[in-house]
Structures are given as structure tokens and as C-alpha cells.
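Novice:
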Amino acid sequence: MSSMHYSSLAVAATGLSSPYTIPSTGSLAQQVFTLNTSGVSVDGTNNPVCWQGGTVCTGGAPANKQFGWYANLVGTSEQAIFNPVYFQGALLVDSTVPSPSNYTPTSCNAVPDTGFTYAISVANGGIFPSAFPSYGTTVDPIAAGVQTNATGSVYVVKTVEGTTNLIYQTVSGTPSAQQVNIPPNTKSKRLTWVERR
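Using my numbering, read the sequence shown as starting at 1003 and increasing by one per residue.
This is the structure we're talking about:
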């Protein structure tokens, strides 16, 4: 009812000063991606985010002063240039690794672009255990991504058997699919309600 809208709202206790930019070091939790020895999967970590004002982390640094997470991609000149897809708490995105600089399209030794399909947690940028259960001959339980050479955004399809598959097209134009194992969303329900008049 006041003519001074929002005048009583306080600035959150972030510890940041104007213009409220997040410093690049120390304010974000790092997830580390490394190319597996197989060369076809990317292993990831599952470090917690010590959220500003939270109580998850105790003791030493960063002592609950982080504002999110980040991860560096592993491939030479690897980039995420396609739109990511959000699915059940996961960020699903295809990356591209450009072909070597000495490659020319008219060469008889064509070396096309490659790339990885990532499935990482939106909450902390970490991995889902055994996220890619049917990739290759052995399951990599800490894979954050696998080499699919996919282009564009993934399309998620759930089968009648209950499995989730990512449908995509490779850089050579071949349609393909990859099973992905993402835990189901947690469901919440209203405990009570109050009618306001």
C-alpha cells in the first residue's frame, strides 16, 4: 500500500560489493573433467558447492562462500556451441572438437569434427554414477560425457521399458541414440496451506 514499493527490502548478505560480479577464483566450485584412458569418455568429479550462506561445508575454505560451479572442457579447442537441454536435474549438451587445423575439406584424408555428449548435474556440475550404461564395451562409472560426435542439441526419448535415450545426429549425418541413466526427479507435495484474504 506504500508509494515506496520495495523500499523495505534488504540487500542479500552476499559479501560482494557493487556491481555484484562474481570473482573468477574461489567463488565457484570446480568440477574437473579429464579424458579417460580409453579416449572415448570424459571422467568427472562430484565436488559439492559450498553455497554462500549455506551450511553444507564446515571448517576450512571455501566455508560456504560459493555462488555456483564451473568446469573446463577437455578437448583441444572443445566448445559447447549447441543449446543445452535440461532433463530431470541434468544438463545435457553436445560439444564439438574442431578437426585439426591442417585439415582441408577437399583432402582425401578427411578428418571431420568430433565431440562429446555430456550429462552433468545442474546442482553442482558433477557426474551421475554410471550415466552412460551402454556406451562401449565397458561402463565408465564416473563418465561426465562420451564421444558421440553428435551435432546440434540432443533429443530425450523415454522408452516403454523405462530407459532414457538421447537421440542425435552425428557430424557425418548418421542418426544415432545413446542410453543415459539420470536419476528421477524428487517429488514434493504440499504439506498444508492457508487461505489469505
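Glycine is no exception: its CB is placed at the ideal position from the N, C-alpha and C atoms. What you are looking at is a predicted structure, and each value in this text was computed from that prediction instead of being measured.
Select from Cys-1052, Val-1051 and Thr-1036 the residue whose C-alpha is nearest the C-alpha of Asp-1045.
Specialist: Stepping through the sequence shown from its first residue, residue 1045 is reached at position 43. Here the closest residue by C-alpha is Thr-1036.
Novice: Which residues in the same chain as Asn-1085 place their Cβ atom closer than 6 angstroms to its Cβ, once the five residues preceding and following it in sequence are excluded?
Specialist: Start at 1 with the first residue of the sequence shown, and residue 1085 comes out as number 83. Around Asn-1085: Ser-1155.
Novice: In whole angstroms, what separates the C-alpha of Thr-1176 from that of Pro-1114?
Specialist: Mapped onto the sequence shown, residue 1176 falls at position 174. Mapped onto the sequence shown, residue 1114 falls at position 112. If you take the alpha carbons of Thr-1176 and Pro-1114, they lie about 13 angstroms apart.
Novice: Verify whether the separation of the beta carbon atoms of Ile-1122 and Ala-1146 is less than 8 angstroms.
Specialist: Residue mapping note: residue 1122 aligns to position 120 of the sequence shown, counting from 1. Residue mapping note: residue 1146 aligns to position 144 of the sequence shown, counting from 1. Yes, Cβ-Cβ distance for Ile-1122 and Ala-1146 is below 8 angstroms.
Novice: Hey, would you say Tyr-1137 sits closer than 8 angstroms to Ser-1043, going by beta carbons?
Specialist: Counting from one through the sequence shown, the residue named residue 1137 turns up at place 135. Counting from one through the sequence shown, the residue named residue 1043 turns up at place 41. Against a cut-off of 8 angstroms, the Cβ pair of Ser-1043 and Tyr-1137 comes out as a contact.
Novice: Quick check on the burial criterion: 16 or more other C-beta atoms within 10 angstroms. Buried or exposed for Gly-1056?
Specialist: Mapped onto the sequence shown, residue 1056 falls at position 54. The residue is exposed, with fewer than 16 neighbouring Cβ atoms inside 10 Å.
Novice: Between which residues of its own chain and Val-1076 is the CB-CB distance below 7 angstroms, once the five residues before and five after are set aside?
Specialist: Here residue 1076 refers to the residue found at position 74 of the sequence shown. If we look at Val-1076 and ignore the five residues flanking it on each side, its Cβ neighbours are Phe-1035, Thr-1036, Leu-1037 and Val-1044.
Novice: For a quick check, are the C-beta atoms of Gln-1180 and Leu-1168 less than 8 angstroms apart?
Specialist: As a position in the sequence shown, residue 1180 is number 178, starting the count at 1. As a position in the sequence shown, residue 1168 is number 166, starting the count at 1. Contact: yes.
Novice: What is the DSSP secondary structure of Leu-1037, reduced to helix, strand or coil?
Specialist: By one-based count along the sequence shown, residue 1037 stands at place 35. Residue state, collapsed to three classes: strand.
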